[in-house]
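Here is the structure we will look at.
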Amino acid sequence: MAVSTSVPSAKRAERGPRQVGGGVRAWLRDLPSILDRPLTSYYLLAGTTAMLTALGLTMVLSSSMVDSYTETGSAFSLFQKQAMAAAAGLPLLVLASHLPVGLFRIVGYPALLVSMALLLITAFRGDAYGSGAVRWLEIGGLTIQASEPAKLAFALWGANVLARKEELKQLGDWRQLLMPLLPGCGTLVVLVLVGTDLGTSFVLLATFLALLWVVGAPGRLFLAMIGMVVSLVSIMVAVQPFRLARVTSFLNPQSDPTDAGFQLLHGLYALGTGGVFGVGIGQSREKWGFLPHPESDFIFAIIGEEMGLIGTLVVVGLFGVLGYAGLRVAARAGDPFTRLAATAITAWITIQAMVNIGTVIGVMPITGIPLPLVSAGGSALIPTMIALGILLALAKSEPDARAALAARGPSRVQRALSWLGLDFTAMGAAPKRPAAGRADNRSRSTQVQARRNRRR
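Quick note on numbering: the numbering used here labels position 335 of the sequence shown as 521, and the sequence is numbered without any gaps.
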């Protein structure tokens, strides 16, 4: 009896790994069909946004505890600010994901003007921190960095400008490609540079190039714009001594280990200490007063120290998936604005992530821009969450995705917004014909009223 029962169990044990391997191979075979589903972009964007935001809150808490306790007496002071910013950004993300695409075209112009006004006020009334960069503006007790919402405003405005020109068949002339896109971008870059923010200027210029690329700018014009951007960045580096010091320290940080190369060296120390699996969440040594700005500019180094190579690869993979989903939305778009806006927002977030990670691992000069959704700073987190909400709305605007969502019926959020009178998802839809029963009821009531009038 014992022998008869042990044989099937042994067979099951032998068959288990084969079934697992066969299941993985079957999943890989089905992967193209899974990725081709209507709502794949939507779910990929929602999933990566949620995971990066959760990871960011966790790492901000871990990396800021020492500095927060030293400055305020509470280890949770900076984390509380980040959590409040995420709590404010989440409903804005959800609201943006349920707004119609046409509304984003309207919002771009006033958002750009407001951003320019805030940057101009920052130039004269802004506060300087750290190295003396004037980037922060205090409004109503809140400190904001005006250059962060400017990225979103430029993405929406630039997409709308080029989309309108494409709809009017005006993109055959190179002057129509650059006017007014180039002056608008140039004005923003100049205002940002007044605050000595080279990193944000680079992101704005990269978004400008991404818009030109996706709209189909001629090769000569595109190369000329790349040359202009490289020349402008080179001039901006050369005219500021501290930027030139950052470039030289990036090439050889050991040449000035106590000043210009100090932050980069300690970032590399953190990554090297983490090894493959890391020292554990909360166990970083570099955050104890060694690595400057461990919760913002160099939070990727703390991720590498506490979560190891595996953690850093997960972060890079999440941004890769986010970039893939955003470009998938652009590729499947049915109208020019959706294609351009999805490309601009995706380029902004992924390029900024690459620049931040590149500075930490020592392949790019230090620019001082945050890691999207992960670094501390509400001024960066809230506009990024709104931008991802817009990407979710653009993902749902795909024809196949619209049909799939319509088959499911209104979601809870849509019902709540409808109850509040804020559901704009039906804007632009064809007017619905009244049901036959309702038409009969209206005609019947009209007939009754006519008979009453005759009696009178």
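All C-beta atoms in this analysis are idealised placements derived from N, C-alpha and C, irrespective of residue type, glycine included.
DSSP, read as helix, strand or coil, puts Q469 in coil. Looking at the DSSP output, I421 shares a beta bridge with no other residue. Put simply, the segment 464-476 touches the segment 246-254. At least three CB pairs are less than 8 Å apart. Collapsing the DSSP output to three states places R321 in a strand. As summarised for the segment 504-534, there are no continuous beta strand (DSSP E) elements at least 3 residues long confined to that stretch.
Taking the C-beta atoms as reference points, G275 is found nearer than 8 Å to L567. With 16 or more other Cβ atoms inside 10 Å of its own Cβ, R432 counts as buried.
Excluding sequence positions up to five before and after F436, its CB lies within less than 6 Å of the CB of P551, all in the same chain and listed in chain order. In the displayed model, Q356 falls within coil according to three-state DSSP, outside both helix and strand. T244 is bridged by DSSP to nothing; it lacks a bridge partner. By the C-beta criterion, the segment 338-352 is judged to be in contact with the segment 287-298, since at least 3 inter-stretch pairs fall below 8 Å. Here E481 is buried, its C-beta having at least 16 other C-beta atoms within 10 Å.
Per the C-alpha coordinates, the member of I547, A530, T545, H452 positioned closest to I576 is A530. Across the set L508, G506, S470, the C-alpha of S470 shows the shortest separation from the C-alpha of E491. The alpha helix (DSSP H) runs of length 4 or more contained entirely in the segment 261-300 are, from start to end of the chain, 263-283.
Between A519 and A528, the C-beta spacing is below 8 Å. Below 8 Å, enough C-beta pairs join the segment 488-502 and the segment 454-469 to call them touching: three or more.
Our two residues, F523 and E584, have alpha carbons roughly 12 Å apart in a direct line. L363 and G544 have their C-alpha atoms roughly 31 Å apart. Between S249 and I547, the C-beta gap is not smaller than 8 Å, which leaves the two residues out of contact.
T329: member of the beta strand (DSSP E) spanning 328-331, first to last residue. Sequence-distant Cβ neighbours of Y228 in its own chain, meaning closer than 7 Å and more than five residues away, are L578, A581, K582, A587. In this structure A517 is exposed. Its beta-carbon is surrounded by fewer than 16 other beta-carbon atoms within 10 angstroms.
Counting only the Cα atoms, V400 lies some 18 Å from G413.
By the CB criterion at 8 Å, V287 and A562 fall outside the cutoff. Along the length of the segment 533-569, whole alpha helix (DSSP H) runs at least 4 residues long do not occur.
Under the criterion of beta carbons closer than 8 Å, L526 and L397 qualify as touching, at roughly 6 Å. Taking all protein chains shown into account, I535 has 16 or more neighbouring C-beta atoms within 10 Å of its C-beta and is therefore buried. For W474, there is no enclosing alpha helix (DSSP H), as DSSP marks it with neither H nor E.
Contact annotation, Q268 with G506: C-beta distance approximately 24 Å; criterion of less than 8 Å not satisfied.
Distance check between G372 and each of D359, W360, T386 places T386 closest, using alpha-carbon atoms only. By the neighbour-count definition (other C-beta atoms within 10 Å, threshold 16), T498 is a buried residue.
Judged by their CB atoms, I572 and L328 are not nearer to each other than the 8 Å cut-off.
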